[in-house]
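Asker: First residue of the sequence shown? That's 1 in full-length UniProt numbering, and the numbers climb one at a time after it. Cβ atoms here follow ideal geometry from the backbone N, Cα and C, with glycine treated the same way. Before anything else, here's the structure in question.
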Amino acid sequence: MARVPLFFWGLTALVGVLWFVSDSLWVSPFAYFPFRSVFVQFSGILAVVMMAVALVLALRLRSLERWVGGLDKVYRLHKWLGIGSLVLATLHWWWAKGTKWMVGWGWLEKPAGKAAGQQLTGLEAWFRGQRGLAETLGEWAFYAAAVLIVLALVKAFPYHLFRKTHKLLAVAFLPLAWHSFILMKFDYWAAPIGWLTQFAVVAGSIAAVLLLLGWPGKVRKVPGEVVSVTRYPELRVFEFLVRVDQGWSVHNPGQFAFITSDAAEGPHPYTIASDWNPETRCLKFVVKELGDHTRRASHRICEGMSVTLEGPYGSFDFEDDCRTQIWVGAGIGITPFIARMGRLASKPDNRTIYLFHPTADVSEEALAKLRADAEAAGVNLVIRCSCTEGRLTPEEIRDAVPDWQGASLWFCGPVGMARTLFNEFRRWGLPARRMHREFFEMR
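Structure below.
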């Protein structure tokens, strides 16, 4: 779970180290304008590197998924790199643009210009001639990117509009890449920080073009047909089975797939709630109406509908060396555990497993199915209806598991509950490497 901050701060540290190998942020004697000169370069380089890496992550490459620990973690890192690049780009913009405004307002006095030096020639002269265009393109691309990133962070912004507008960030990156390419200090081209920037600009530009062409996931897409739909109105949940064509990779319990049921809305991630059965070739999905997309999908998805699946993705696979596992599936977060119980029913692994299912909504039909799945898999099930029995606490989970010190903890559910649960178990001495979480929010 710690891989996301590790990668984020590791990238920041890499840029920082290469920067200080090539230059410094300290100017002596310290003065506003000399510091502005180096900080504008540093913040601009770090911002464009973060944005380039975020675009590469959006390609959904298998190798990156393995390194980061699952596509849910990849998207979380993508999100924080986007936020980081926005913060840095805003600082870069203010120190570049705001300084000129403050000089105009009389708040700062610009130092006298240097006397004309040696006439620039060759490549350096060409770069100097492109500065005006690069500054203008970069400024307007920054405004566009800032609006698009903020919209992506607003949960009230409809998913189908988010998907379309977020793709425009790939367009915005191209002029930002040109801006960085031209305005990076010419001396850096022969320094480590310049090499990293050049690589990031090229990699990010290639990723941007591939994203605009719709390349991600193309090789992992297969057609399917919805063969049944079951609705649980009291839970605001619907369950559907999809029969997939040849070409679907065998998935593991806990993984998810992107499903396109409406070309206008595009793909949306759903956790697979069943083990793989090569005879039926059917995948089960259990979906709660949590947002605008899932509310529309609950009315749109019907028996006989053709859909497109992409996947499988994810590393929430329950594989570890612990003989006792604690599972916590809160609300609709129960879905990966349903899939795992399906496999254990046919292929027991002799672990002792405790499954806690806190839920605010109750359907006796759905709970009866869950109890039957747990009994078939040999899983100790605890159901907690929070509306009548109160919230499930970390202390109650700990006290219900005799060997909790030697167990691993697997959680899927709301962010706040995950934070509380993991903080408490960490405080009680459970190693972080034995705590696993599925981030089912992709924006």
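Please say whether Phe258 and Thr335 have beta carbons closer to each other than 9 Å?
Answerer: In the sequence shown, the residue the question calls residue 335 occupies position 335. In the sequence shown, the residue the question calls residue 258 occupies position 258. Not in contact: Thr335 and Phe258 (Cβ atoms no closer than 9 Å).
Asker: So the candidates are Ala330, Leu290, Asp349; which of them puts its Cα closest to the Cα of Phe318?
Answerer: Residue mapping note: residue 318 aligns to position 318 of the sequence shown, counting from 1. Per the Cα distances, Asp349.
Asker: Hey, quick one: how far does the alpha helix (DSSP H) through His299 stretch, first residue to last?
Answerer: The residue you call residue 299 lines up with position 299 of the sequence shown. Taken as a continuous stretch (DSSP letters only), the alpha helix (DSSP H) holding His299 covers 292-300.
Asker: For Ala264 and Phe173, what's the separation of their Cα atoms in angstroms?
Answerer: The residue you call residue 264 lines up with position 264 of the sequence shown. The residue you call residue 173 lines up with position 173 of the sequence shown. For Ala264 and Phe173, the distance between alpha carbons rounds to 24 Å.
Asker: By the DSSP assignment, the beta strand (DSSP E) with Tyr32 in it spans what residues?
Answerer: Counting from 1 along the sequence shown, the entry for residue 32 is found at position 32. It is not in any beta strand (DSSP E) - Tyr32 instead sits in the alpha helix (DSSP H) that spans 32-57.
Asker: Using only alpha-carbon positions, find the residue among Asn423, Tyr232, Cys282, Phe186 that is nearest to His299.
Answerer: As a working mapping, residue 299 is identified with position 299 in the sequence shown. Taking only the C-alpha atoms, the option nearest His299 is Tyr232.
Asker: Does DSSP put Pro233 in a helix, a strand or coil?
Answerer: Locating residue 233 in the sequence shown gives position 233, counting from the first residue. Three-state DSSP puts Pro233 in a helix.
Asker: Please report the distance separating the alpha-carbon of Ala330 from that of Gly16.
Answerer: Counting from 1 along the sequence shown, the entry for residue 330 is found at position 330. Counting from 1 along the sequence shown, the entry for residue 16 is found at position 16. Computed Cα separation, rounded: 40 Å.
Asker: To the nearest angstrom, how far is the alpha carbon of Ile326 from that of Leu153?
Answerer: Numbered from 1 along the sequence shown, position 326 holds the residue referred to as residue 326. Numbered from 1 along the sequence shown, position 153 holds the residue referred to as residue 153. Their backbone Cα atoms lie some 32 Å apart in a straight line.
Asker: Using only alpha-carbon positions, find the residue among Met102, Ala368, Arg3 that is nearest to Val68.
Answerer: Looking up residue 68 in the sequence shown gives position 68. Out of Met102, Ala368, Arg3, Arg3 has the C-alpha closest to the C-alpha of Val68.
Asker: Taking just the CA atoms, how far does Thr90 sit from Met102?
Answerer: Sequence index remark: in the sequence shown, residue 102 carries index 102 (1-based). Sequence index remark: in the sequence shown, residue 90 carries index 90 (1-based). Taking the straight line joining both Cα atoms gives about 16 Å.
Asker: Going by C-alpha distance, which of Glu365, Ile397, Glu389 is nearest Phe356?
Answerer: For the purposes of this step, residue 356 is identified with residue 356 of the sequence shown, where counting begins at 1. Checking every option, the nearest Cα to that of Phe356 belongs to Ile397.
Asker: Which residues share a DSSP beta bridge with Pro358?
Answerer: Taking the first residue of the sequence shown as position 1, residue 358 is located at position 358. In the DSSP output, where bridge partners are listed per residue, Pro358 has Arg384.
Asker: Does the distance from the CB of Phe142 to the CB of Leu176 come in under 9 Å?
Answerer: Along the sequence shown, one-based indexing puts residue 142 at 142. Along the sequence shown, one-based indexing puts residue 176 at 176. Cβ distance < 9 Å, so Phe142 and Leu176 count as in contact.
Asker: Would you mind stating whether Leu55 and Leu77 have Cβ atoms separated by less than 9 Å?
Answerer: On the sequence shown, position 55 is the one that residue 55 refers to. On the sequence shown, position 77 is the one that residue 77 refers to. No. Outside cutoff.
Asker: Rank Cys302, Ile383, Lys97 by C-alpha distance to the C-alpha of Ala368 and give the top, closest one.
Answerer: For this step, residue 368 is matched to residue 368 along the sequence shown. Selected option, being the one with the closest Cα: Ile383.
Asker: What does the Cβ neighbour count give for Ser315, buried or exposed, with the cut at 16 atoms within 10 Å?
Answerer: Translated into the one-based positions of the sequence shown, residue 315 becomes position 315. Answer is buried; the Cβ neighbour count reaches 16.
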